[in-house]
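Chains A and B supply the protein sequences, listed in that same order. So the first sequence is numbered by the working numbering: it starts at 14 and just counts up by one. So the second sequence is numbered by the working numbering: it starts at 16 and just counts up by one. Virtual Cβ for every residue (Gly too), placed ideally from N, Cα, C. Here the structure is a predicted model, which means the values were calculated and not measured. So the structure is just underneath, and the comments pick up after that.
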Amino acid sequence: NAGVTQTPKFQVLKTGQSMTLQCAQDMNHNSMYWYRQDPGMGLRLIYYSASEGTTDKGEVPNGYNVSRLNKREFSLRLESAAPSQTSVYFCASSLSTTGGGQPQHFGDGTRLSIL
Amino acid sequence: QKEVEQNSGPLSVPEGAIASLNCTYSDRGSQSFFWYRQYSGKSPELIMSIYSNGDKEDGRFTAQLNKASQYVSLLIRDSQPSDSATYLCAVSATNKLIFGTGTLLAVQP
């Protein structure tokens, strides 16, 4: 009973490098989300997906791309990492079919540092 | 003005006391309100939701909503050291969920 699983847990990148954060959920949830959390800024939505094959921009989508590979998996890609993308990234899921609802379950987070 | 505002704290209460956490929001069209708990270094956990004016109780937790005054609060009765965490308020309007920056609660044994 894993819930929401994120990989990797930690990553250090150099400016300009690319990487993909992976997320999978085993609760048969419809909606999945990617958030970033920065000190003093709260959780901010990057992208979300209400169903397989659909994705929508959140509050801070610039510099990111996402893929909803199937109902279980939702990945976040940084094409050319910048120091401003240093953050803690959380994947989350919910039963919502609209994608705009509240996340019910979060993964453990990925702590990403960009030098 | 931030869309969702919380006092960052820390709010320090003795064990067994009532902890009162407050949140104000700016969008009068907001319909749904949530409280998340986040332990240090961990991910947020949804603990309460409230949709209509008044109180909603769940165990030691009570959420209170006043749409006219645009505030939502979370009361924790009989506070325990294990309640020490950051509490995030989230407000939903027009299919968009906005989080506050959280209030750090410290329950002193």
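- Look at residue 98(B) here: in three-state DSSP terms it is helix.
- Listed by position along chain A, the residues whose Cβ is nearer than 9 Å to that of residue 44(B) form an empty set, because the closest Cβ is around 13 Å away.
- Non-local beta-carbon contacts of residue 15(A) in its own chain, meaning distances under 7 Å to residues more than five positions away in sequence, involve 39 in chain order.
- The residue among 86(B), 96(B), 99(B) and 119(B) with its C-alpha nearest the C-alpha of residue 37(B) is 86(B).
- Put simply, the segment 108-122 of chain A does not touch the segment 91-101 of chain B. Fewer than three CB pairs are less than 8 Å apart.
- Selection 37(A), 19(A) and 26(A) evaluated against residue 97(A) yields 26(A) as nearest (Cα-Cα).
- When the five nearest sequence neighbours on each side are left out, the beta carbons in the same chain lying within less than 8 Å of the beta carbon of residue 23(B) are those of 116, 117, 118 and 119, in order along the chain.
- Unbroken beta strand (DSSP E) runs of no fewer than 3 residues, entirely contained in the segment 45-103 of chain A, are found at 55-62, 77-81 and 87-91, following chain order.
- Every beta strand (DSSP E) stretch that sits fully inside the segment 16-73 of chain B and reaches 3 residues is listed by chain position as 26-29, 34-40, 47-53, 60-65 and 69-73.
- With contact defined as three or more Cβ pairs closer than 8 Å, the segment 18-33 of chain A and the segment 90-110 of chain A are in contact.
- Interface annotation, residue 23(A): not in contact with chain B, CB-CB separation never under 8 Å.
- Secondary structure note for residue 40(A): it is in no beta strand (DSSP E), with a DSSP letter that is neither H nor E.
- One thing to note: residue 18(B) has its Cβ within 8 Å of the Cβ of residue 113(B).
- Within 7 Å of the CB of residue 39(A), no CB atom of chain B is found; the nearest one sits about 16 Å away.
- Contact note: residue 117(A) reaches chain B through 61, using a C-beta cutoff of 8 Å and chain order.
- In the DSSP secondary-structure assignment, residue 24(A) is bridged to 125(A).
- Using beta-carbon distances, residue 58(B) counts as an interface residue toward chain A, with a partner under 8 Å.
- Less than 8 Å divides the Cβ of residue 79(A) from the Cβ of residue 68(A).
- Using a Cβ distance threshold of 8 Å, residue 108(B) and residue 53(B) do not count as a contacting pair.
- One Cα belongs to residue 77(B), the other to residue 82(A), and the distance between them is close to 39 Å.
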